[in-house]
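Residue numbers (this note's numbering): 21 to 752.
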Amino acid sequence: MQNTGMQITATRHTATPTHCPYCALQCGMNLTPAADGTVEVSERADFPVNRGALCGKGRTAPAVLSSRVRLTSPLVRSGDGTLVPASWEEALGRIAGNLARTRAEHGADALGVFGGGGLTNEKAYTLGKFARVVLGTSQIDYNGRFCMSSAAAAGVKAFGLDRGLPFPLEDIPKTGCVILVGSNPAETMPPSLRYFTELRENGGTLIVVDPRRTKTAEQADLHLAPRPGTDLALALGMLHLVVAEGRVDERYVEERTAGWEDARAAAMGHWPEYVERITGVSVPELREAVRLFCEPEAAMVLTARGPEQQAKGTDTVGAWINLCLATGRAGRPLSGYGCLTGQGNGQGGREHGQKADQLPGYRKLTDPAARRHVAEVWGVDPDSLPGPGRSAYELLDALGTDIRSLLLMGSNPVVSAPRAAHVEERLRSLDFLAVCDVVLSETAALADVVLPVTQWAEETGTTTSLEGRVLLRRRAISPPDGIRSDLEVLHELADRLGVEKGFPTEPEEVFEELRRASAGGPADYSGIDYRRLAEENGVFWPCPASDGADGTDGIDGIDGTDGTTGAAVRHPGTPRLFLDRFATDDGRARFVPVSHRPSAEEPDDEYPVLLTTGRVVAQYQSGAQTRRVDELNAAAPGPFVELHPRLAARLGAADGDPLAVVSRRGRAVAPARVTTGIRPDTVFMPFHWAGEGRANTLTNPALDPTSRMPEFKVCAVRVEAVTKAAAPADTP
Numbered sequence: 021m022q023n024t025g026m027q028i029t030a031t032r033h034t035a036t037p038t039h040c041p042y043c044a045l046q047c048g049m050n051l052t053p054a055a056d057g058t059v060e061v062s063e064r065a066d067f068p069v070n071r072g073a074l075c076g077k078g079r080t081a082p083a084v085l086s087s088r089v090r091l092t093s094p095l096v097r098s099g100d101g102t103l104v105p106a107s108w109e110e111a112l113g114r115i116a117g118n119l120a121r122t123r124a125e126h127g128a129d130a131l132g133v134f135g136g137g138g139l140t141n142e143k144a145y146t147l148g149k150f151a152r153v154v155l156g157t158s159q160i161d162y163n164g165r166f167c168m169s170s171a172a173a174a175g176v177k178a179f180g181l182d183r184g185l186p187f188p189l190e191d192i193p194k195t196g197c198v199i200l201v202g203s204n205p206a207e208t209m210p211p212s213l214r215y216f217t218e219l220r221e222n223g224g225t226l227i228v229v230d231p232r233r234t235k236t237a238e239q240a241d242l243h244l245a246p247r248p249g250t251d252l253a254l255a256l257g258m259l260h261l262v263v264a265e266g267r268v269d270e271r272y273v274e275e276r277t278a279g280w281e282d283a284r285a286a287a288m289g290h291w292p293e294y295v296e297r298i299t300g301v302s303v304p305e306l307r308e309a310v311r312l313f314c315e316p317e318a319a320m321v322l323t324a325r326g327p328e329q330q331a332k333g334t335d336t337v338g339a340w341i342n343l344c345l346a347t348g349r350a351g352r353p354l355s356g357y358g359c360l361t362g363q364g365n366g367q368g369g370r371e372h373g374q375k376a377d378q379l380p381g382y383r384k385l386t387d388p389a390a391r392r393h394v395a396e397v398w399g400v401d402p403d404s405l406p407g408p409g410r411s412a413y414e415l416l417d418a419l420g421t422d423i424r425s426l427l428l429m430g431s432n433p434v435v436s437a438p439r440a441a442h443v444e445e446r447l448r449s450l451d452f453l454a455v456c457d458v459v460l461s462e463t464a465a466l467a468d469v470v471l472p473v474t475q476w477a478e479e480t481g482t483t484t485s486l487e488g489r490v491l492l493r494r495r496a497i498s499p500p501d502g503i504r505s506d507l508e509v510l511h512e513l514a515d516r517l518g519v520e521k522g523f524p525t526e527p528e529e530v531f532e533e534l535r536r537a538s539a540g541g542p543a544d545y546s547g548i549d550y551r552r553l554a555e556e557n558g559v560f561w562p563c564p565a566s567d568g569a570d571g572t573d574g575i576d577g578i579d580g581t582d583g584t585t586g587a588a589v590r591h592p593g594t595p596r597l598f599l600d601r602f603a604t605d606d607g608r609a610r611f612v613p614v615s616h617r618p619s620a621e622e623p624d625d626e627y628p629v630l631l632t633t634g635r636v637v638a639q640y641q642s643g644a645q646t647r648r649v650d651e652l653n654a655a656a657p658g659p660f661v662e663l664h665p666r667l668a669a670r671l672g673a674a675d676g677d678p679l680a681v682v683s684r685r686g687r688a689v690a691p692a693r694v695t696t697g698i699r700p701d702t703v704f705m706p707f708h709w710a711g712e713g714r715a716n717t718l719t720n721p722a723l724d725p726t727s728r729m730p731e732f733k734v735c736a737v738r739v740e741a742v743t744k745a746a747a748p749a750d751t752p
């Protein structure tokens, strides 16, 4: 572990078991303050997900705790336009005053709130409550909309419930075949790769679907490299072959599903040769993929951002779910469909209220019963709760017009949003912008007020991993003087805006309220408390309260007796969903008929190449934190353009030469990285950097009609060699 030179006040000098602040694996680790003021990370072998293994991001996570890289004082915009240090009193007063002024002059919906998938459950819950109870605005969403919203929408349509993985990761090595669609866990969540390695060691097979030969694809038994934006056709072609080859599990379809005939008819229009022309995946490869998937007794399909971040992402995921249902690979042991969630609390972040259309417990904001339940917990009139607001990109696009002031927590849309130059301009056009963050991100640098807040190691709170496992992150150290938590910020702002009660600052107190608000909902946490989380390695939701077992008097209770003494017992949690029935009214899964359609933007003479985007192992999301770690920057110092040798030859480009990638939205410049591991018609750029190499300057904000997910993963571009006289980036 590098010496980061951190000046940190320790709460103790013994190891504290906690979890990594980055991806949705939420790897277990131990933190120990050292005598020199640094924090040491060590293995925590008792946590079953990573079993002690950590990637470079996890090992170096304490570097961002250093006062050298983090915010240590509130900042306010001065008269000359610069950000200058200020007192908390002044900063909070400015925020409250501007929010109140905007509401009085333009109405509550002129106030926007934008959250993050890295916020703890307690923060996400409180932020949603703050928006609806204190501000009275419907305009709240979060960057998790950019993560797995298409998979969530497809899961709800098919199964009646969305949870990233409906089974624990430990089931993956025990199944017979996994199709991994648009996911590169070798770089995005490296400790998870062991599960796929163990799968193959146990005799199972791994099929990877990706237009690039990634480090994960190199481990596969079969790599399918479809043209970006054609995953939907690929899944339909495989389902066509399942029908044509007599591989449908007719008994399962009859007993546990509904809607098969319409889905079957839609799939039969996608014959193998037609799918080969669309995707570039050969008919023999399609047939081999179907054989490998159907021959074992059990199999899984796992998707990630590749198929999901498309304007047809919900239908694309739905097609892969249809493949699972037709072959009896859902709701059975060691089989199923799952989504590999990306952000640290992407799952819990939307379950408890910072998504535009949801209330805590995964309740629908439009459901009168849900509104009554949550309003009773909050002590407000159900009619006072606003309805659904705009989705994430639509909210950002409305800044400076319908939305005049914005409170933003834990997100960096200047780098992470599609059509990022436009989003940056929208942020600049606001009457007022307040940002809570741990570092001065590119978005925070545009704010009128910036508040420095506590980080993962300095606070206690819960997160929900990609498995649906609710975890307790423990405070290991004290924050620097003058740093406050997001909960304290929301408490102070609520008080200044006239709501004196209902916004506690202690995370456990917030979680107790969250339990009551979630009780009886699809994501029921009422049977989980901090004491239990401290004793166990997480609890899988849904976990309703047992009758009187924890002092909740059976919140929407279940039979809590053990059948012998009548003593109340804990609900065990639900590691595996759907084994007996799906979460629909009749318990049956639903086939949803879908058909292939082109991407929102196809190549043409002016923009003849496809761009796809993604991550690299040493950086994370917008890079706001990881780009401040020397060790990670040494491994991944900046953006690049990955392209095939044939395309490079046409451009006269060699490795390291600067290339301009131009779309209808703007221009990005980065050095070439020539490789045979990508399709000749496609270029790839990682999206972690701002400036001239910002990949999201180029990406298309076309939205999925159901999930409202932007089409990050495919757009039309042209690639140009850069000369010294070339125009600057970000200009179309």
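Heads up, the beta-carbon is just placed ideally off N, CA and C, and yes, glycines get one too.
Give me, in chain order, the residues of the same chain whose beta-carbon lies closer than 8 Å to that of G175; leave out the 5 immediate sequence neighbours on both sides. Position 155 of the sequence shown, counted from the first residue, corresponds to residue 175. Excluding sequence positions up to five before and after G175, its CB lies within less than 8 Å of the CB of L181, D182, R183, V337, I341, Y357 and C359, all in the same chain and listed in chain order.
R233 versus R601: straight-line alpha-carbon distance, rounded: Within the sequence shown, residue 233 is the residue found at index 213, counting from 1. Within the sequence shown, residue 601 is the residue found at index 581, counting from 1. Each residue's Cα considered, the two are about 38 Å apart.
Smallest Cα separation from I115: which of V96, A130, D129 and P105? Here the question's residue 115 lines up with position 95 in the sequence shown. The residue with the shortest Cα to Cα distance from I115 is V96.
Below 8 Å on the Cβ atoms is my guess for T482 versus N141; work out the distance and round it to an integer in Å. Within the sequence shown, numbered from 1, the residue matching residue 482 stands at position 462. Within the sequence shown, numbered from 1, the residue matching residue 141 stands at position 121. About 5 Å; that satisfies the 8 Å criterion.
Assigned exposure category for R617 - 16 Cβ within 10 Å defines buried: Walking along the sequence shown from the start, residue 617 turns up at place 597. Classification for R617: exposed.
So, under 8 Å CB-CB, L419 and L460 are touching, yes? Tell me the CB distance rounded to an integer number of Å. Along the sequence shown, read from residue 1 onward, the residue named residue 419 stands at position 399. Along the sequence shown, read from residue 1 onward, the residue named residue 460 stands at position 440. Rounded, the Cβ-Cβ distance is 20 Å, inconsistent with contact.
Cβ pair C43, G364 closer than 8 Å: Within the sequence shown, residue 43 is the residue found at index 23, counting from 1. Within the sequence shown, residue 364 is the residue found at index 344, counting from 1. Yes.
Rounded distance between the beta-carbons of A339 and L252, thought under 8 Å: Numbered from 1 along the sequence shown, position 232 holds the residue referred to as residue 252. Numbered from 1 along the sequence shown, position 319 holds the residue referred to as residue 339. With 8 Å as the limit, L252 and A339 qualify as a contact, their Cβ atoms being about 5 Å apart.
Leaving out the 5 sequence neighbours to the left and right, which residues in its chain are closer than 6 Å to R536 when beta-carbon positions are compared? Within the sequence shown, numbered from 1, the residue matching residue 536 stands at position 516. V397, listed in sequence order.
Short Cβ contact (8 Å threshold) for L652 with K77: Locating residue 652 in the sequence shown gives position 632, counting from the first residue. Locating residue 77 in the sequence shown gives position 57, counting from the first residue. Cβ distance < 8 Å, so L652 and K77 count as in contact.
A412 classed as buried or exposed, judged by whether at least 16 other C-beta atoms fall within 10 angstroms: Sequence index remark: in the sequence shown, residue 412 carries index 392 (1-based). Buried, since its Cβ has 16 or more Cβ neighbours within 10 Å.
Could you tell me which residues DSSP pairs with H442 in its beta bridges? What you label residue 442 is simply residue 422 of the sequence shown in a count that begins at 1. In the DSSP output, where bridge partners are listed per residue, H442 has none listed.
Cα-Cα separation, L679 to C75: Here the question's residue 679 lines up with position 659 in the sequence shown. Here the question's residue 75 lines up with position 55 in the sequence shown. Looking at the two C-alpha atoms, the distance is approximately 31 Å.
Going by the CB atoms, is the gap between S485 and Q378 shorter than 8 Å? Residue 378 sits at position 358 when you count from the first residue of the sequence shown. Residue 485 sits at position 465 when you count from the first residue of the sequence shown. Taking 8 Å as the Cβ cut-off, Q378 and S485 do not qualify as a contacting pair.
Beta strand (DSSP E) segment containing N342, residue limits: What you label residue 342 is simply residue 322 of the sequence shown in a count that begins at 1. Segment G333 to A346 is the alpha helix (DSSP H) holding N342; no beta strand (DSSP E) there.
Sequence-distant residues of the same chain with beta carbon closer than 6 Å to V469, five excluded per side: One-based indexing of the sequence shown puts residue 469 at position 449. Here the set comprises V96, A111, R114, I115 and A454.
Alpha-carbon spacing of G643 relative to E529, whole angstroms: One-based indexing of the sequence shown puts residue 643 at position 623. One-based indexing of the sequence shown puts residue 529 at position 509. Each residue's alpha carbon lies about 32 Å from the other.
Per-residue DSSP class, three states only, for R738: Here residue 738 refers to the residue found at position 718 when the sequence shown is read from its first residue. In the structure shown, R738 sits in a strand (DSSP, three-state: E or B).
Assign T146 to one of two classes, buried (16 or more other C-beta atoms within 10 Å of its C-beta) or exposed (fewer than that). Here residue 146 refers to the residue found at position 126 when the sequence shown is read from its first residue. With 16 or more other Cβ atoms within 10 Å, it is buried.
Which value, in whole angstroms, describes the spacing of the CA atoms of Q329 and T702? In the sequence shown, residue 329 corresponds to position 309, counting from 1. In the sequence shown, residue 702 corresponds to position 682, counting from 1. Going by the C-alpha atoms only, they are around 16 Å apart.
Just how far apart, CA to CA, sit H664 and S538? On the sequence shown, position 644 is the one that residue 664 refers to. On the sequence shown, position 518 is the one that residue 538 refers to. Spanning the two alpha carbons is a distance of roughly 50 Å.
Residue burial classification, M288 (beta-carbon count within 10 angstroms, cutoff 16): As a first step, residue 288 is located in the sequence shown; it is residue number 268 there, counting from the start. When all chains shown are included, M288 counts as exposed.
Roughly how many angstroms separate the alpha carbons of N70 and P438, rounded to a whole number? Taking the first residue of the sequence shown as position 1, residue 70 is located at position 50. Taking the first residue of the sequence shown as position 1, residue 438 is located at position 418. Whole-angstrom Cα-Cα distance: 32 Å.
Residue environment, S107, which counts as buried when at least 16 other CB atoms sit within 10 Å: Along the sequence shown, read from residue 1 onward, the residue named residue 107 stands at position 87. Result: exposed.
On the three-state DSSP scale, how would you describe V458? Here residue 458 refers to the residue found at position 438 of the sequence shown. Three-state result, V458: coil.
Are the beta-carbon atoms of E532 and S505 separated by less than 8 Å? Walking along the sequence shown from the start, residue 532 turns up at place 512. Walking along the sequence shown from the start, residue 505 turns up at place 485. Result no, Cβ atoms of E532 and S505 do not sit closer than 8 Å.
Under a three-way DSSP split, which group does A614 fall into? As a first step, residue 614 is located in the sequence shown; it is residue number 594 there, counting from the start. Per the sequence presented here, residue 614 reads as Val, with Ala not at that position. Three-state result, V614: coil.
Taking the alpha carbon of F523 as the point to measure from, which residue in P292, G558, A255 and V153 has its own alpha carbon closest? By one-based count along the sequence shown, residue 523 stands at place 503. The residue with the shortest Cα to Cα distance from F523 is V153.
Buried or exposed, going by whether 16 or more other CB atoms sit within 10 Å of the CB of V104? Sequence index remark: in the sequence shown, residue 104 carries index 84 (1-based). Classification of V104: exposed, given that the 10 Å Cβ count is below 16.
Taking its Cβ as the centre, do 16 or more other Cβ atoms sit within 10 Å of A736, making it buried, or is it exposed? What you label residue 736 is simply residue 716 of the sequence shown in a count that begins at 1. Looking at its Cβ environment, which holds 16 or more other Cβ atoms inside 10 Å, A736 is buried.
Beta-carbon contacts of A309 that lie in its chain and below 8 Å, excluding the five residues immediately before and after: Sequence index remark: in the sequence shown, residue 309 carries index 289 (1-based). Answer for A309: I199, I227, L242, L244 and M258, listed in chain order.
Does DSSP put T122 in a helix, a strand or coil? Position 102 of the sequence shown, counted from the first residue, corresponds to residue 122. In the structure shown, T122 sits in a helix (DSSP, three-state: H, G or I).
Entirely enclosed alpha helix (DSSP H) segments - the region 61-96, minimum 4 residues: 76-79
Please confirm if the region 672-690 is in contact with the region 717-737, defined as three or more CB-CB distances below 8 Å between the two stretches. yes
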